[in-house]
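Here the structure comes first, spelled out in structure tokens, and everything after it is commentary.
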Amino acid sequence: MDKKRKLEILHLLHENSRLSVETIADMLGEDPQEVAQAIAEMERDHVILRYSAVVNWDKVESQRVTAVIDVKVTPQREVGFDAIAERIYRFPEVSAVYLMSGSFDLQVIVEGRHIKEVAQFVSQKLSTIEHVNSTTTHFLLKTYKSDGVIFDDQEGDQRLVISP
Amino acid sequence: MSTIHERLSPVVRNLPPSGIRRFFDLANQMEDVISLGVGEPDFVTPWRVREACYYSLEQGYTSYTSNHGLPELREAIAAYLENFHLQYDPMKELVITIGGSEAIDIALRTLICPGDEVLIPEPAYVSYRPCAILAGAVPVGVETRADDDFRLTAELLRERITPRSKVLILCFPNNPTGAIMSEDDLRSIAQVVIEHDLFVISDEIYAELTYEGKHVSIASLPGMKERTILVSGMSKAFAMTGWRIGYAAAPEEILSEMVKIHQYTILCAPIMGQKAALEALKHGQVEKKHMVERYNQRRRLIVKGLREIGLACHEPKGAFYAFPDIRSTGLTSEQFAEGLLRYGKVAVVPGNVFGECGEGFVRCSYATSVDQIQRALERIDRFVQSLK
Chain A
1 MDKKRKLEIL HLLHENSRLS VETIADMLGE DPQEVAQAIA EMERDHVILR
51 YSAVVNWDKV ESQRVTAVID VKVTPQREVG FDAIAERIYR FPEVSAVYLM
101 SGSFDLQVIV EGRHIKEVAQ FVSQKLSTIE HVNSTTTHFL LKTYKSDGVI
151 FDDQEGDQRL VISP
Chain B
1 MSTIHERLSP VVRNLPPSGI RRFFDLANQM EDVISLGVGE PDFVTPWRVR
51 EACYYSLEQG YTSYTSNHGL PELREAIAAY LENFHLQYDP MKELVITIGG
101 SEAIDIALRT LICPGDEVLI PEPAYVSYRP CAILAGAVPV GVETRADDDF
151 RLTAELLRER ITPRSKVLIL CFPNNPTGAI MSEDDLRSIA QVVIEHDLFV
201 ISDEIYAELT YEGKHVSIAS LPGMKERTIL VSGMSKAFAM TGWRIGYAAA
251 PEEILSEMVK IHQYTILCAP IMGQKAALEA LKHGQVEKKH MVERYNQRRR
301 LIVKGLREIG LACHEPKGAF YAFPDIRSTG LTSEQFAEGL LRYGKVAVVP
351 GNVFGECGEG FVRCSYATSV DQIQRALERI DRFVQSLK
């Protein structure tokens with residue numbers, strides 16, 4: 001299957017990972033077997049890493065906190081930022097790590113049940129790692145939009161049932 | 001003494017109400033209805049376009065514009081039309097209207113002398129016939145057929161031409177059938193049009209929603225620009241139905257007369273809508289492309305689904321409608337649509353409202369989500385099976 005078609009499959013799955021192979025095949029005018037094969041290939045090649053739902057956790061978990069932590073580190077010879085990033089992203093509390101340009105080096109997203117848990121992680125684990133020079137922790141107060149999805153979107157279908 | 005009703009215009013009194021209206025009333029009384037009955041995008045106008053409108057209001061753009069519309073919008077439309085090999089002088093050959101509907105109305109009123117005949121390939125958009133009648137014309141249907149992909153042919157057209165024929169209204173991609181026309185088709189039509197000295201009102205509102213082949217405007221063919229009024233607008237391609245921004249492009253000789261009607265009745269289209277339309281044309285291409293891609297995917301889904309249910313369905317290659325043949329159920333299109341609404345809770349539009357040759361078909365809009373399409377198909381399937 002060509003690259004353009006594979007990209008279309010990825011866009012469809014990214015928007016709704018519950019779409020069946022048959023539905024995707026129908027939407028693209030492709031053979032279901034070829035679609036299944038393309039998806040399997042992209043899973044094998046780690047293009048598709050996982051199928052998940054975008055959840056508005058605020059609606060179900062009042063105790064959940066998310067922290068965005070800016071981290072300054074000293075890069076190491078030969079491995080640059082990769083080794084230190086790996087030491088950080090291996091912690092189960094860490095949900096994301098990005099290498100950044102600008103005034104800090106790594107952005108670390110940490111999720112915990114309460115502020116104290118995040119504070120303990122930052123002070124006892126993250127800050128004490130060798131080559132970590134400083135951390136600045138921001139607590140996330142409300143999610144308005146994530147992964148391209150607007151939370152609490154009020155734009156319902158306002159159209160009449162029948163129109164010309 | 002005559003009643004108030006008797007004193008009203010007989011032309012208006014004798015106009016039948018839209019066939020869609022009854023279904024609209026019926027569907028509105030019911031709950032949990034999945035609607036395949038809407039003739040407009042399910043997307044909300046792209047944010048950048050809405051934001052441009054807010055900004056224009058903040059800047060105090062609340063005045064009239066020229067009767068023709070904002071010059072910068074006309075320039076943007078002229079530049080956009082060049083993509084279809086059309087050259088129009090934005091200052092003399094373009095007018096911004098209240099949707100494509102107004103453009104059709106003023107075009108007909110400009111062209112028609114009482115008793116002239118207007119040729120309308122059918123199934124056709126519901127407003128063409130009434131607009132022709134209101135302009136003083138006699139509408140003449142030109143029936144197209146499903147087994148010919150609802151294309152208009154020169155032969156079909158020729159059969160309905162009389163000495164009184166004056167105007168041909170084209171609508172391709174077509175509402176309700178989704179039919180498109182190839183350049184060869186249009187060349188044959190153009191030959192007949194020139195031979196019989198007809199005018200053409202070419203409604204190209206769905207031009208962007210052409211999924212197979214490339215949209216060709218009849219105005220771009222030799223000898224046609226001078227006798228064609230091209231009508232289009234922002235509604236379908238940019239999901240801007242409620243903004244009511246359309247336009248007409250025509251040679252100055254015709255357009256200047258159309259603008260007289262426009263200036264005495266409408267004056268000008270709302271400035272905030274025109275500002276939004278400008279943003280859509282200049283920067284809305286990415287969003288438009290995304291929407292068109294989605295319609296195309298849904299088109300394949302619904303056509304395959306309808307065929308699997310056992311309803312023959314020609315391949316719609318444009319717009320966002322499937323027009324399945326429901327004659328195998330033994331019901332008329334009204335009976336089918338009403339039964340499906342009452343017992344299956346799916347709203348579709350009976351084909352006969354688009355002209356007599358639409359009988360035996362229903363219009364299913366796929367401008368709705370994949371989930372809704374799949375649920376609707378399941379319900380249609382149950383309804384069709386229950387008839388056996």
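If you're matching them up, the sequences are chains A and B in order. By UniProt numbering, the letter at position 111 of the first sequence is numbered 111, and the numbering carries on one by one without gaps. By UniProt numbering, the letter at position 289 of the second sequence is numbered 289, and the numbering carries on one by one without gaps. Here a beta-carbon is modelled for each residue, glycine too, at the ideal position from N, C-alpha and C.
Which chain A residues are close to residue i, counting only those with a beta carbon under 7 angstroms from its beta carbon?
| i | result |
| --- | --- |
| Q297(B) | M27, L28 |
| A347(B) | V161, I162 |
| V44(B) | E155 |
Please report how far the alpha carbon of residue i lies from the alpha carbon of residue j, in whole angstroms.
| i | j | result |
| --- | --- | --- |
| R50(B) | F238(B) | 11 angstroms |
| S35(B) | V167(B) | 34 angstroms |
| V33(B) | L86(B) | 43 angstroms |
| V54(A) | G102(A) | 29 angstroms |
| F383(B) | Y343(B) | 7 angstroms |
| L99(A) | A36(A) | 34 angstroms |
| V47(A) | R379(B) | 36 angstroms |
| V110(A) | V68(A) | 7 angstroms |
| R11(A) | K59(A) | Looking at the sequence provided, one finds His at residue 11(A) rather than Arg. If you take the alpha carbons of H11(A) and K59(A), they lie about 27 angstroms apart. |
| R48(B) | M1(A) | 34 angstroms |
| Y89(A) | K72(A) | 15 angstroms |
| I155(A) | C53(B) | In the sequence under discussion, the amino acid at residue 155(A) is Glu, which differs from the Ile named in the question. If you take the alpha carbons of E155(A) and C53(B), they lie about 17 angstroms apart. |
| L134(B) | F354(B) | 18 angstroms |
| G29(A) | V346(B) | 25 angstroms |
| S63(B) | E287(B) | 29 angstroms |
| V231(B) | L141(A) | 50 angstroms |
| R363(B) | T177(B) | 7 angstroms |
| R87(A) | E212(B) | 52 angstroms |
| A154(B) | A38(A) | 46 angstroms |
| I218(B) | Y206(B) | 14 angstroms |
| L278(B) | E143(B) | 38 angstroms |
| S17(A) | E208(B) | 29 angstroms |
| T210(B) | S182(B) | 11 angstroms |
| C171(B) | E204(B) | 6 angstroms |
| Q120(A) | G80(A) | 27 angstroms |
| R21(B) | E6(B) | 23 angstroms |
| A25(A) | V292(B) | 18 angstroms |
Cβ closer than 9 angstroms: which chain B residues qualify as neighbours of residue i?
| i | result |
| --- | --- |
| T23(A) | L301, V370, Q374 |
Strictly below 8 angstroms CB to CB, what residues from chain A border residue i?
| i | result |
| --- | --- |
| K304(B) | D26 |
| G39(B) | S163, P164 |
List the residues of chain D whose Cβ lies closer than 8 angstroms to the Cβ of residue i, in chain order.
| i | result |
| --- | --- |
| V200(B) | This model lacks chain D altogether; the protein chains it does include are A and B. |
Run through the DSSP bridge pairs and tell me what residue i is partnered with.
| i | result |
| --- | --- |
| F150(B) | BP columns for F150(B) are empty, so no partner. |
| G233(B) | G246(B) |
| T66(A) | E111(A) |
| S365(B) | Y321(B) |
| S211(B) | Per the sequence shown, residue 211(B) should be read as Tyr rather than Ser. According to DSSP, Y211(B) bridges with nothing at all. |
| P121(B) | V142(B) |
| L26(B) | Beta-bridge pairing links L26(B) to no other residue. |
| Q76(A) | G80(A) |
| H138(A) | V68(A) |
| I162(A) | G37(B) |
| V21(A) | V21(A) is not bridged to any residue. |
| A347(B) | S35(B) |
| F354(B) | DSSP output for F354(B) lists no bridge partner at all. |
| S202(B) | L170(B), L230(B) |
| K288(B) | The partner list for K288(B) (beta bridge, DSSP) is empty, contrary to what the question assumes. |
| A312(B) | D325(B) |
My assumption, with CB atoms under 8 angstroms, is that residue i sits in contact with residue j. Please give the rounded CB distance.
| i | j | result |
| --- | --- | --- |
| E31(B) | S163(A) | That pair is no contact at about 19 angstroms. |
| I77(B) | L94(B) | 6 angstroms |
| A103(B) | T97(B) | 4 angstroms |
| G233(B) | P46(B) | Rounded, the Cβ-Cβ distance is 16 angstroms, inconsistent with contact. |
| M42(A) | K6(A) | 7 angstroms |
| T268(B) | G69(B) | Correcting the residue identity first, residue 268(B) is Cys in this sequence and not Thr. That belief holds up - the Cβ atoms of C268(B) and G69(B) are roughly 6 angstroms apart, short of 8 angstroms. |
| V108(A) | V65(A) | At roughly 14 angstroms, the Cβ-Cβ gap does not stay under 8 angstroms, so V108(A) and V65(A) are not in contact. |
| L157(B) | L119(B) | 7 angstroms |
| T368(B) | D42(B) | 5 angstroms |
task = Check each residue of the region 139-157 of chain A: if its Cβ is closer than 8 angstroms to any Cβ of chain B, include it; give the result in chain order.
result = Taking 8 angstroms as the Cβ-Cβ cut-off, the region 139-157 of chain A approaches chain B at E155, D157, given in chain order.
ask   = Any residues in the region 17-36 of chain B with a beta carbon nearer than 7 angstroms to a beta carbon of chain A? Which ones, in chain order?
value = Taking 7 angstroms as the Cβ-Cβ cut-off against chain A, the residues of the region 17-36 of chain B that qualify are I20, F23, F24, A27, N28, V33, S35.
ask   = What are the residues of the region 112-128 of chain B that lie near chain A, defined by any Cβ-Cβ distance shorter than 8 angstroms?
value = Listed by position, the residues of the region 112-128 of chain B near chain A (Cβ gap below 8 angstroms) are Y125, V126, S127.
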